[in-house]
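As numbered in mature numbering (1 follows the signal peptide of the UniProt record, and there is no 0), residues -31 to -1, 1 to 891 make up the sequence shown, in order.
Report on the structure given below.
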Amino acid sequence: MRPAHPSRRRITTVVVAAVATVLALNGAATALPSTAPEPPTAAAAKAKIRPQLQTQLSDRESPVDFWVYFDAKADLSAARAIRDWNARGTAVARALRQAADESQRAVRGELTASGVAYQSFWATNAIKVTGDQALAERLAAKHEVSSLLPSFKVDPPPVTRGVGRQAVDAVEWGVANINADDVWEQFGVRGEDITVASIDTGAQFDHPALVRQYRGNNGDGVFDHNYNWFDAAGTCGGAPCDGDGHGTHTMGTMVGDDGAENRVGVAPKARWIAANGCCPSDAALISSGQWLLEPTDLNGQNPDASKRPHVINNSWGTTAPSDAPFLEDISLAWTASGIFGVWANGNNGPGCRTSGAPGSRKINYSVGAYGSDHTIAPFSSRGAGQDGEIKPNVAAPGVNVRSSMPGDSYASLNGTSMAAPHVAGAVALVWSAAASMVGDTEATRSLLDGTAVDNPDGQCGGTDDDNNAFGEGRLDALALMKQAPRGPTGRIGGTVSDAGNSKPLPGATVTITGPVSREVTTDAEGAYQSGALPLGSYTIGVRKYGYAAGTAQAQVREGEAATADVRLAPQPMSTVSGTVTDGSGHGWPLYAKVVIDGYPLGPVFTDPVTGRYSVRLPGSASYTMRVTAQYPGYQGAQRTFELGGADLTQDAALTVDESTCTAPGYRFSGVGEDFDDWTDTGARDGWRVSGRPGWRFDNPGHRPVPEGGDGRFAVADSTVGAGKRFDTTLTSPAIDLSGDASPKLTFRTSYYPDDASQRADVDVSTDGGRSWKTVWRQTTNHAFGQVMLPLPQAANRADVRIRFHYQGRDAWWWAVDDVFVGARACRPVEGGLVVGFVTDRDTGAPVFATVSRTEQPREAGTGVTTPADPALGDGLYWVFSSATGDTEFTARASGHQTGAATIPVRRDAVVTRDWSLARAGG
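Set out below in structure tokens:
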């Protein structure tokens, strides 16, 4: 088994992988060198060309579009600290432009001289070019170039039509549900002086619900689209348009109000601008994000960062689950300039770890969707996100959301696309009321988190107040406003340190309580900042795992920053460790999740090979531990233990669930047949069909699967081949029931009779088929579901056979599935367990392959995701083998060559085998 964490978040599809790499952020700012370094070696230069692009360049004779990324990154830390809105935005844009201009200058000059078509960007330090293999190799040899990546396509976000809902007092249900209308009434705030924006499909600027709020509306019947509209798609000419409707709908949820019965928006007095960057191309998305940092006139000239929006709604993202750093450098630049970005979390639910990028990223604030009954929408993507981050951050109305549509119309749509603009509108409300919050994105995130209504949901992990379905909870604009620092403000800041050695403590939770409440986390240096607070007295409470809680007091005065440092005393710690094993016969180590109440760092997982776990806990306390196997078919275990200061061993042996008997290496005693791999019309595995036309296994009449069954089944269908008389038997092979004192026969059936000529019999022979006794008969009555028949006459007999006998003419059918004969005691089967990972040979990315025993393909396992386990990458598989010793296995995955290996399987033990599969055709 390899430590796979570094590769666990790689993307496995070509399109999304391209997105991930094209928009990757290299990290901290990099200063430009004073002297040019040596050019890279040939091997290093070649490595800069990503495999997907190399394949495109090799396969095509004509030039292709690709991206050239540069090492240099602007340092935006100083700009972030500027309080003046206009100066802050200008400083961010200037720093980005300078870094891009200096690092790209030589390459741009060479491209121009060579007549190569290209497009240069400064918000992300990259150039998009059209060229061939030779050009790519020449650019890769430049020391200032970091990587060459393929162009990619992002699809527009999929949404579905909802069922129209009647607004209450003309206020749409979602607006009322988040209490935005209460904010209007109680605080008289509707988003005044705040500008919102969207990267979407555009917007109908003269829609009755949007025209008054459009920033380009001069109020005298004249419209000025300069600085207010960016036609990234090149489809609208000089005025905003929307050929899809998605963008008009999301804009309506932010600000829509026609002054009559269509009050569809959260912040109806906010102003709006837009870019239609979603989603004609990658360049359109990037250029839209860049334009919103520093809007220009319609000719792309005279940029002015003071005209940037305060809030940007992004109801788009990857349509497949992804943690890719998608558009991350631009998102960081927005934050540095004080812009609050809101992202849809994706419509890939209901599975766990289905969040789409960019919403899945830690730096981005993403939104899930719920319905009017406050249940999470089935389509709403769940977390965890990047590196196990709880996602979404918060949830908002996203089912049957009615809003504006092109053509002066309205429609109800479903999607997290509909949920995100509720949050964007709520931010516009609170920034409109609390000037000190404008541009303070961290304080705004904290306020949104702290005022959300808790909605417990444990389906994908997390806690009652922060989980991977609702995030921090349901958006509440009224609570948000009540906690906002309106009027005169001050701040509180300080450092949290270890009382023993004075070292700073990062990751401590700081709760500030007074006229309003805040919760923040200390940074890498142990420092914290409250953001703007109303004047008054505050108590600062600090907690960190492994330390006793600490408190301090502070007085907030107008325009001042109070200091409240807190020193925490470390608590004595003990190590609790142990091994989780199978407790029903095999005794092998189990991959299991260990949840300990009061341990804040999430579940602990055992090693799949050794079954070992270890965790440090504060001593002198009582704990409850719950252990759950990650393999199917095991029952959980729970125990309580006391720590008295010393280390403690807590082993657990998990028993199988005997009612299902689905744990690897266990089977019901007896003989069974589910017919699932019977791909032709004839019987096999010792079963015999007699009579004509006979039992079939290819479902010629397209009959439904017997209730509770799945896959293929046996059917005698007298309506196939009309006019033929059916008299056919399906007979089992010999079954040895020696030592079985109380055997039973179970099977699933769907028996459809048409007249009295039809008959279904189940017969039993205990003498090798020489004589038969009927134990079940149906004629004119329908029979569905599972049948269980005691077989006392077969007890302790060595040659038992079962026969299904059907007779009829044009009389419908009898279907049988999941036949089982025996006592149905769940017992271990001799053999061993194989576990491991499958990865791509070229990229190291996880591959979700099926690994099977070559001589018995039904003994197989398929790779899974392990989002909650930080120690393991995705692509983990396990497979039980009833053969021991040197055993042949095969690994198969779509798009990859088949792998083969001999694995020394050991009885009642776990052995490990990792696979590295080459690409198909590679």
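By construction, the Cβ of each residue, glycine as well, lies at the ideal position given by its N, Cα and C atoms.
Cα-Cα separation between residue i and residue j, rounded to whole angstroms
| i | j | result |
| --- | --- | --- |
| R159 | E263 | 26 Å |
| T432 | I345 | 15 Å |
| R181 | Q21 | 47 Å |
| T856 | E828 | 12 Å |
| V545 | T575 | 13 Å |
| G571 | V563 | 9 Å |
| E627 | C795 | 5 Å |
| D534 | D467 | 11 Å |
| W783 | A767 | 29 Å |
| G519 | N436 | 27 Å |
| D732 | V684 | 17 Å |
| A763 | G554 | 28 Å |
| D709 | G655 | 21 Å |
| Q428 | C321 | 8 Å |
| G440 | P294 | 20 Å |
| M(-31) | A887 | Residue placement at M(-31) cannot be trusted, given a pLDDT of 37 that sits under 50; what the coordinates show is reported in the next sentence. Using only the alpha carbons, I get a separation of about 19 Å. |
| T550 | Y582 | 11 Å |
| Y87 | A862 | 38 Å |
| A598 | V573 | 12 Å |
| K122 | T287 | 10 Å |
7 Å Cβ cutoff met for residue i and residue j
| i | j | result |
| --- | --- | --- |
| N316 | S167 | no |
| S349 | A313 | no |
| S638 | G800 | no |
| G100 | V114 | no |
| residue 896 | Y592 | As shown, the chain starts at -31 and ends at 891. That puts residue 896 outside it, with no answer to give. |
| G580 | L612 | no |
| G394 | M223 | yes |
| V489 | A477 | no |
| T217 | S373 | yes |
| R52 | S306 | no |
| T420 | L449 | yes |
| A92 | L65 | yes |
| V140 | D151 | no |
| G614 | P541 | yes |
| A14 | A109 | yes |
| S687 | D786 | no |
| L623 | G552 | yes |
| P366 | H343 | no |
| S818 | A860 | According to the sequence as given, residue 818 is Ala; it is not Ser. Against a cut-off of 7 Å, the Cβ pair of A860 and A818 comes out as a contact. |
| N231 | G171 | no |
Where the beta strand (DSSP E) through residue i begins and ends
| i | result |
| --- | --- |
| E828 | Q825 to T831 |
| P722 | Element bounds for P722: n/a, residue is neither H nor E. |
| T464 | T458 to D467 |
| H215 | Where H215 is concerned, there is no enclosing beta strand (DSSP E), although the alpha helix (DSSP H) it sits in stretches over H215 to V224. |
| K451 | Unbroken run through K451 is the alpha helix (DSSP H), A446 to Q452; no beta strand (DSSP E). |
6 Å Cβ shell around residue i - same chain, five flanking residues per side excluded
| i | result |
| --- | --- |
| Y600 | P633 |
| V422 | G442, R443 and D445 |
| G430 | N437 and A837 |
| R876 | G801 and T853 |
| P361 | N314, S335, V336, G337 and G440 |
Same chain only: Cβ atoms within 8 Å of residue i, ignoring 5 sequence neighbours per side
| i | result |
| --- | --- |
| Q522 | S506, Y507, T508, I509 and A533 |
| Q619 | V545, S546, G547, M594, R608 and F610 |
| D736 | D768 |
Sequence-distant residues of the same chain with beta carbon closer than 7 Å to residue i, five excluded per side
| i | result |
| --- | --- |
| A(-1) | Below a pLDDT of 50, predicted positions are generally treated as unreliable, and A(-1), at 39, falls in that range; the measurement from the model is reported next regardless. Once the five neighbours on either side are set aside, A(-1) has no close Cβ partner at all. |
| D227 | P177 and A178 |
| P539 | D467, G469, G515 and Y516 |
| L80 | Y87 and V98 |
Boundaries (first-last residue) of the alpha helix (DSSP H) holding residue i
| i | result |
| --- | --- |
| A56 | W54 to S83 |
| R487 | Counting along the chain, R487 falls outside any alpha helix (DSSP H), though it belongs to the beta strand (DSSP E) covering S486 to T490. |
| A293 | Taken as a continuous stretch (DSSP letters only), A293 belongs to no alpha helix (DSSP H), as it is neither H nor E. |
| T593 | No alpha helix (DSSP H) holds T593; the beta strand (DSSP E) holding it covers A590 to A598. |
Check: residue i C-beta below 6 Å from any heavy atom of the ligand NAP
| i | result |
| --- | --- |
| R526 | Absence of the ligand NAP from the depicted structure is noted, as is the absence of any ligand whatsoever, leaving it without description. |
Across the stretch 251 to 258 and the stretch 170 to 185, are there enough close Cβ pairs to call them in contact, namely three or more that are closer than 8 Å? The stretch 251 to 258 vs the stretch 170 to 185: no contact.
The stretch 664 to 679 touching the stretch 718 to 726, judged by at least three CB pairs closer than 8 Å: Verdict: yes, contact present.
Three or more C-beta pairs closer than 8 Å, one from the stretch 31 to 41 and one from the stretch 232 to 245: is that the case here? Judged by Cβ distances under 8 Å, the stretch 31 to 41 makes no contact with the stretch 232 to 245, as fewer than three pairs qualify.
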